[in-house]
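2 protein chains.
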Amino acid sequence: MEDELAGKRLKTDCVQMVTCQGPVNIAVIKYWGKRDEELILPLNSSLSVTLGMDELHSTTTVAASRNFSEDCLWLNGRKHDIAKMPRIEKCLSKIRELCQSDQQNTRWSELKDCHLHICSQNNFPTAAGLASSAAGYSCLVFALSRLFQVNGELSRIARQGSGSACRSMYGGFVEWEKGEMDDGSDSIAKQIASQEHWIGLRVLILVVNEHKKGTSSTEGMRRSVETSELLQLRAELCVPQRMETMKKAVLERDFKSFAETTMKESNQLHAVCQDTFPPITPPYMNQTSHRVVQLVTEYNSFYGEPKVAYTFDAGPNACLFLLENEIPEVLALIKYFFPPDTESGFVKGIGIHSQGTLPESLLESISIEPSHGAVKYVISTKVGSGPCELGQEYSLLDEDGLPKS
Amino acid sequence: MEDELAGKRLKTDCVQMVTCQGPVNIAVIKYWGKRDEELILPLNSSLSVTLGMDELHSTTTVAASRNFSEDCLWLNGRKHDIAKMPRIEKCLSKIRELCQSDQQNTRWSELKDCHLHICSQNNFPTAAGLASSAAGYSCLVFALSRLFQVNGELSRIARQGSGSACRSMYGGFVEWEKGEMDDGSDSIAKQIASQEHWIGLRVLILVVNEHKKGTSSTEGMRRSVETSELLQLRAELCVPQRMETMKKAVLERDFKSFAETTMKESNQLHAVCQDTFPPITPPYMNQTSHRVVQLVTEYNSFYGEPKVAYTFDAGPNACLFLLENEIPEVLALIKYFFPPDTESGFVKGIGIHSQGTLPESLLESISIEPSHGAVKYVISTKVGSGPCELGQEYSLLDEDGLPKS
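These protein sequences, in sequence, are chains A and B. Residues -15 to 389 (this note's numbering) make up the first sequence, in order. Residues -15 to 389 (this note's numbering) make up the second sequence, in order.
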């Protein structure tokens, strides 16, 4: 009995574990196109809003042990072969390098002969078409940095997992500077304002019903870089000025300018996709997406100023930015024009305290027809923080370093 | 009895009448954006294919008489107030000026005190969303030129009715040179190849079911000029090279290059529309349009080369270019993926001599689902000639200069 316990303790004692959470981010100045596929260097700088982890996050546990026979990865409950995931491998090797190269870091001697077990999952369905890779890689790199006790420019490593993941390394409002160096050393993320900077800013994600698997953003981007003349022109001639406008809007909490620039950027991203050849089929934005654009456009036009801004990435889901006091009316509007099959569970995330009412004159000014069930559900969230470490009770791996469920 | 006859002859004798037909054209290098709204001067040159008048045409009768109390216009059976149609008025006054300024033209003395009756109709429903204004204005200007017996650069006048109408002044393949002069004198159309140049080239117009009235091309264009940075860049940096590629493709009857450039141009036009702010809602291309794009893309991909090219203007209808021998298979494909409610009358225009069959492997390579009734009908046509004069039996006005029906 004592021997058994001792044996177990010996075994578990040498499993070192860290569990972290990483956030999703939504770009308001869009990243579309790489100038270097291998290093994941972008054609242009971009700017994003980190979303609240209470609503959307990845959780990752990384465990190291000499008892593990190989590096292993479980992603959303399924085991994957790391050898076939070069971007994961790159993040691991970059962190190991960083640890080894730091003379003061005593951790390397403990971990250099260890293999890793990594277990990661999102609290939102991948099928929702939300950019899970940014949350996933930011969380992985952050967890590894804690395990290996390394410091340094982690966004540079996360970037090499998934470009936009570098922006999820910070909370609040984050710029990804495209950088100039060939080795990518200056292509890093920087926080331009914290999550507390603009308390009233809120986010609604409209998860749109869509069964088809579209073109991946990696593939779409690659094809745009190869074939869209407008992408090159946009990256060189349009984005630099928009970055300045957007930074100013964020720093001054100027919602009008923030909203307009956000919508123009979303439009231009999808314009570039439309300019790609052979075309990206089906287009990322579907009929429901375009109805959301029309609804927002007519809503803003009714009020004579931008009250809501839409933005779309490489999928049909709409991400809406708006100020807190507009939430009840806008949610009522969404429910009116995209009536859910069942009211219950339609709005997830931050609750609302008052039901909005819709003025008759507003409804008359909107020319779209209601589409039943076109929006599956809405996630209500706000500006959030960067990755953080969680207590051991949140670990996804058991004491032997194997997935709990 | 004799007096009656004499009276009638006297009256009718002084009604001078001409009836003409004018064609529709489809741009393969797109016109989108004016640098001068008043003179209708384009941001960039464009190139079009004139379509066969057996299938699509405007017919216009112009009549002049001292007995008419004012200039009158009947358009598709409805009387319009010319005073409220400045572009019609401009065409009339330009032709009158041209006639008056020509010292040798004896016609002016006959017609200077006459008012005009104009009656015009299309043989296709305006609701079909085909660019009727190009056919209409080319036909009007051509008919007026015959009535007033004027020569000179008529495309310059048609252009001031409706920009693209200048291209309908010629048959075959037509370039509209943007010109450099502020007065627009060098912004004119030129035929680059006749209708006999590329006999095998065929055109299928897919008239798409669409009830909503969208943004007019005039309004969409104006908004793009004001707000789309990509439009400016396209006009300056992309179109000049594409014009050269397209002219070469036409002159060499190089279908591959013609098809690719046509599709890229259509994509870029709609990219610019997508880049416009506030957005053009609903977008010109609807779900059916995008399905046609996907069908054509996957069809071409199956054969490993462009067999069909799509192009879209400011509406959801697709215009397909293809070579004659592909017609049976492509029509079978369209019927398969857009099954009509009734087969009868689905394909209008040039008949087909053999039914196409669809290889199983082809059908398996197409990933869209059939959409019943999404395409209303198909117009099968080919490259056609410029405007022509018709015999008096085709006149839309009776001997008193009033509409026959």
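In this text, a Cβ means the ideal position worked out from N, Cα and C, and glycines have one as well. Model, not experiment: these values are computed from the prediction.
Task: Beta-carbon proximity check, Glu54 (chain A) vs Ile66 (chain A), cutoff 9 Å - done: yes
- Message: List, from N- to C-terminal side, the beta strand (DSSP E) runs of 3 residues or more that fit wholly inside the region 92 to 129 of chain B.
- Response: 99 to 106
Exercise for the section: Find the residues of chain B that neighbour Gln271 (chain A), judging by a C-beta separation of less than 8 Å, and give them in chain order. Expected result: Asn270 and Gln271
Worksheet item: If you check the beta carbons only, do Asp170 (chain B) and Glu161 (chain B) fall under 9 Å apart?
Response: yes
**Message:** Taking a contact to mean a Cβ-Cβ separation below 9 Å, would you say Arg143 (chain B) touches Ile334 (chain B) in this structure?
**Reply:** no
Could you check which residue in A:Gly61, A:Ile189, A:Glu21 and A:Met153 has the C-alpha nearest to that of Gln179 (chain A)?
A:Met153
Item checked: Listed by chain order, chain A residues near Val359 (chain B) by CB distance under 7 Å -> What Val359 (chain B) touches in chain A: nothing, since even the nearest Cβ is about 17 Å away.
Using a C-beta to C-beta distance shorter than 7 Å, which residues of chain B count as neighbours of Lys248 (chain A)?
Phe261
Checking contacts by CB at 9 Å: is Leu27 (chain A) closer than that to chain B? no
Thinking C-alpha only, which one of B:Leu215, B:Cys222, B:Pro224 and B:Met227 is nearest Cys222 (chain A)?
B:Leu215
Please classify Lys(-8) (chain B) as buried or exposed, where buried requires at least 16 neighbouring CB atoms within 10 angstroms. Bear in mind that the predicted position of Lys(-8) (chain B) carries a pLDDT of just 42, short of 50, making it unreliable; the figure below should be weighed with that in mind. When all chains shown are included, Lys(-8) (chain B) counts as exposed.
* Asked: Which residues in the same chain have their Cβ closer than 7 Å to the Cβ of Gly136 (chain B), if we skip the five residues on either side of it in sequence?
  -> Leu82
Check: Hey, is Ser212 (chain A)'s beta-carbon within less than 9 Å of any beta-carbon in chain B?
Finding: yes
### Nearest neighbour of Glu282 (chain A), chosen from B:Gly299, B:Phe261, B:Asn28 and B:Leu317 [CA to CA]
B:Phe261
Item to complete: State the Cα-Cα distance for the pair Gly6 (chain B) and Met37 (chain B), rounded to the nearest angstrom.
Response: 7 Å
**OP:** Mark Pro300 (chain A) as exposed unless 16 or more other C-beta atoms lie within 10 angstroms of its C-beta, in which case mark it buried.
**Re:** buried
Checklist line | Contact set between Gly301 (chain A) and chain B, taken where Cβ atoms lie within less than 8 Å | finding: First, the amino acid is wrong: residue 301 (chain A) is Asn here, not Gly. In chain order: nothing, as chain B lies at least about 17 Å away.
Query raised in the report: If we count the other Cβ atoms within 10 Å of its Cβ and call it buried at 16 or more, is Pro266 (chain A) buried or exposed?
Result: buried
Query - Nearest neighbour of Ser349 (chain A), chosen from A:Pro312, A:Leu279, A:Asp382 and A:Ser369 [CA to CA] - result: A:Leu279
_Identity of the residue in A:Phe239, A:Leu190, A:Gln225 and A:Pro263 nearest Glu210 (chain A) by Cα_ = A:Pro263
Q | Whole runs of the alpha helix (DSSP H) within the region 332 to 372 of chain A, excluding any shorter than 4 residues | A | 344 to 349
By the three-class DSSP mapping on this structure, what secondary structure does Arg237 (chain B) have?
coil
Pro387 (chain A) - partner residues in DSSP beta bridges: A:Leu381
TODO: Could you tell me if Tyr378 (chain B) is buried or exposed, where buried requires 16 or more neighbouring beta carbons within 10 angstroms of its beta carbon?
DONE: exposed
Discussion item. Going by C-alpha to C-alpha distance, which of A:Val2, A:Pro343, A:Ala243 and A:Tyr15 sits closest to Ala298 (chain A)?
Written reply: A:Tyr15
Between the Cα of Arg226 (chain B) and the Cα atoms of B:Ser241, B:Arg237, B:Tyr121 and B:Glu236, which residue gives the shortest distance? B:Ser241
By DSSP, does Leu374 (chain A) sit in helix, in strand, or in coil? strand
I want to verify the contact list: residues of chain A whose CB lies under 7 Å from the CB of Asn193 (chain B), in sequence order. Chain A residues near Asn193 (chain B): none, gap ~14 Å exceeds 7 Å.
message: Can you tell me whether His337 (chain B) is buried or exposed? The criterion is at least 16 other CB atoms within 10 Å of its CB, across all chains shown.
response: exposed
**Cβ separation of Glu373 (chain A) and Cys4 (chain A), assumed to be a contact under 8 Å, to the nearest whole Å** = 5 Å
9 Å is my cut-off, CB to CB: does Thr281 (chain A) come that close to chain B? yes
| field | Under 9 Å by beta carbon: chain C residues contacting Leu131 (chain A) | value | No chain C appears in this structure, whose protein chains are A and B.
Through-space distance from Pro26 (chain B) to Glu159 (chain B), alpha-carbon basis: 12 Å
Q. Looking at the structure shown, is Phe321 (chain A) part of a helix, part of a strand, or coil, going by DSSP?
A. helix
Going by the DSSP bridge assignment, what does Pro262 (chain A) pair with across the sheet?
Pro262 (chain A) is not bridged to any residue.
- Query: Which residues share a DSSP beta bridge with Gly6 (chain B)?
  - Reply: B:Ser42
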